[in-house]
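Student:
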Amino acid sequence: MLEWAAGKKDTARPFDGTIAGLVRAYQRDAASPYARVKWNTRKTYDQTLESIEKAVGARALAQLSLSDFRRWYEAAKKPRAKGSPERIRKAHGIISMIRRLVSYGVAAELPECRRLQEILSNTEFEQAPRRRAKLTYQHVKAFIPVALKHERLSLALGTALQFETTLRQRDVIGEWEPIEEGRPASGIVLNGRRWLNGLTWADISSSFEIYKNTTKTGQTAAHDLRLCPIVMDLLAKVPPARRVGPLIVDETAGRPYAEHAYAREWRAIADEAGIPRGIWNMDARAGGISEAEDAGADLDDIRAAAAHAQASTTVRYSRGAIGKSRKVARLRAAHRAERKPND
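For the sequence shown, our numbering gives the first residue as 3, with consecutive numbering after it.
(1) Which whole-angstrom value is the C-beta distance of Arg-325 and Ala-297, which I expect to be below 8 Å?
(2) For the region 43–62 and the region 18–28, state whether three or more C-beta atom pairs, one from each stretch, are separated by less than 8 Å.
(3) Less than 8 Å between the CB atoms is what I'm expecting for Glu-211 and Asp-235, so what's the real figure, rounded?
(4) Unbroken alpha helix (DSSP H) runs of length 4 or more, entirely within the region 181–242: which are they?
(5) Check whether the region 118–133 touches the region 262–275, taking contact to mean three or more Cβ pairs, one atom from each stretch, closer than 8 Å.
(6) Between Leu-118, Ile-54 and Glu-177, which lies nearest to Lys-92 when the distance is taken from Cα to Cα?
(7) Thinking Ala-64 and Glu-114 are a contact (beta carbons under 8 Å), I'd like their distance in whole angstroms, please.
(8) How is Arg-117 classed by DSSP in three states: helix, strand or coil?
(9) How about the region 71–78 and the region 88–103: do they share at least three Cβ pairs that are nearer than 8 Å?
(10) Please determine, among Val-191, His-141, Gly-85 and Gly-176, the residue with the shortest C-alpha to C-alpha distance to Glu-182.
(11) Express the C-alpha separation of Leu-249 and Glu-126 in angstroms, rounding to a whole number.
(12) For the putative contact between Thr-168 and Ala-313, defined by C-beta atoms under 8 Å, what is the C-beta separation to the nearest angstrom?
(13) Measure the C-alpha to C-alpha separation of Ala-109 and Asn-193 and round it to an integer number of angstroms.
(14) Taking just the CA atoms, how far does Trp-6 sit from Ala-311?
(15) Is the Cβ-Cβ distance between Glu-166 and Ile-271 less than 8 Å?
(16) Do you know offhand how far Leu-201's Cα is from Leu-24's?
(17) Where does Met-99 land, buried or exposed, given buried means 16+ other C-beta within 10 angstroms?
(18) Taking the straight line between their C-alpha atoms, what separation do you get for Glu-153 and Val-251?
(19) Is Gln-171 buried or exposed, if buried means 16 or more other CB atoms sit within 10 Å of its CB?
(20) What number of angstroms, rounded off, separates the C-alpha of Ile-277 from the C-alpha of Phe-145?
(21) DSSP three-state label for Asp-252, please.
(22) Of the choices Pro-35, Leu-301 and Leu-229, whose alpha-carbon is the least far from that of Tyr-106?
(23) List the DSSP bridge partners of Arg-257.
(24) Between Ala-187, Ser-188, Ala-158 and Arg-185, which has its C-alpha nearest Ile-175's C-alpha?
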């Protein structure tokens, strides 16, 4: 009170030693890793942090032990309804976020965080299995005529580009970034958000080559569309007068697809085309990478084409590819044929 009366009016709330206090510090500290993650990652983090704070925010860090973390994981894993699958992905996401909070707390020298980090670093929690679904060439060929029948050239072209170039959906159709307070609302704007990062006609050279700095890693993806006949056939359907601005435009709105609209409209076409509901539009990238491996392409070449920084990431996208296995089998068969009968 005396400090306030003397003019010291710091509005920052001191750390109170609770989970909620740790969440607040993580979100508000300018030195926190949270301050440097991309806006869409921050949005996902906020949803998980809100769930954590609502469920256990009042708990004091000094009172937490291994049994608490294990109990929280098991509670989050429970099915939404009787007979539904366990929500392992959700539960592991919550534990991963708690690890981030505690790691920040250690760096910020907040009490109890080092002890909790030691517990978490020596504890394993089951992860959800990786997705095995992939969009195949047959799926793409079934999808395109249905999309064109419904006058959705944008969906056909977007899907073809994702599959043929293995670009991420975001790098093809773009995204809507919130406009920071005080910044001018220039460019393509919708509901306080600016469209950016999607392909534009200016990204395609006169020789139909694309050079695109990808949004996730900053790696440059380079592709010769003349070697992608599905894409070239669809590009030819766009009149020269319309070859300006964003490449993928919602035909009904005359602008890039609003958030979630592309996936929603894509699903409606996919259902009619007979593509199983377990296969998503975003599986086009995995489908293209898997096809490349099946074709016998070198792993490092696939990595470069997909604009991955690490080959280990490329391997994760290869889903059920049999190309390498076939190559090994053929080499083994050839080796046997070369051996002498008495060997």
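Cβ atoms here follow ideal geometry from the backbone N, Cα and C, with glycine treated the same way.
Tutor: According to the structure data:
(1) In the sequence as presented, Arg is not what sits at residue 325; that position holds Gly. Right, the Cβ-Cβ distance comes to about 6 Å (below 8 Å), so this counts as a contact.
(2) Three or more Cβ pairs drawn from the region 43–62 and the region 18–28 lie within less than 8 Å of each other, which places the two stretches in contact.
(3) Contact between Glu-211 and Asp-235 does not hold, since their C-beta atoms are separated by about 17 Å, which reaches or exceeds 8 Å.
(4) The region 181–242 contains these whole alpha helix (DSSP H) runs: 231–237.
(5) Contact fails: fewer than three Cβ-Cβ distances are below 8 Å.
(6) It is Ile-54.
(7) About 5 Å separates the two Cβ atoms, so the contact holds.
(8) Helix.
(9) Cβ pair count under 8 Å is three or more, so yes.
(10) Minimum Cα distance to Glu-182 is reached at Val-191.
(11) The alpha-carbon atoms of Glu-126 and Leu-249 are separated by roughly 45 Å.
(12) Not really, about 14 Å apart at Cβ, beyond 8 Å.
(13) Note on geometry: alpha-carbon atoms of Ala-109 and Asn-193 lie some 38 Å from one another.
(14) Using only the alpha carbons, I get a separation of about 52 Å.
(15) No, the pair does not count as a contact, with Cβ atoms beyond the cut-off.
(16) Looking at the two C-alpha atoms, the distance is approximately 40 Å.
(17) Only buried fits Met-99, as 16 or more other CB atoms lie within 10 angstroms of its CB.
(18) Rounded to the nearest whole angstrom, the C-alpha separation of Glu-153 and Val-251 is 12 Å.
(19) Counting Cβ neighbours within 10 Å, Gln-171 comes out buried, since at least 16 surround it.
(20) The alpha-carbon atoms of Ile-277 and Phe-145 are separated by roughly 8 Å.
(21) Strand, per DSSP.
(22) Tyr-106 has its Cα closest to that of Pro-35, out of Pro-35, Leu-301 and Leu-229.
(23) According to DSSP, Arg-257 bridges with Asp-252.
(24) Per the Cα distances, Ala-158.
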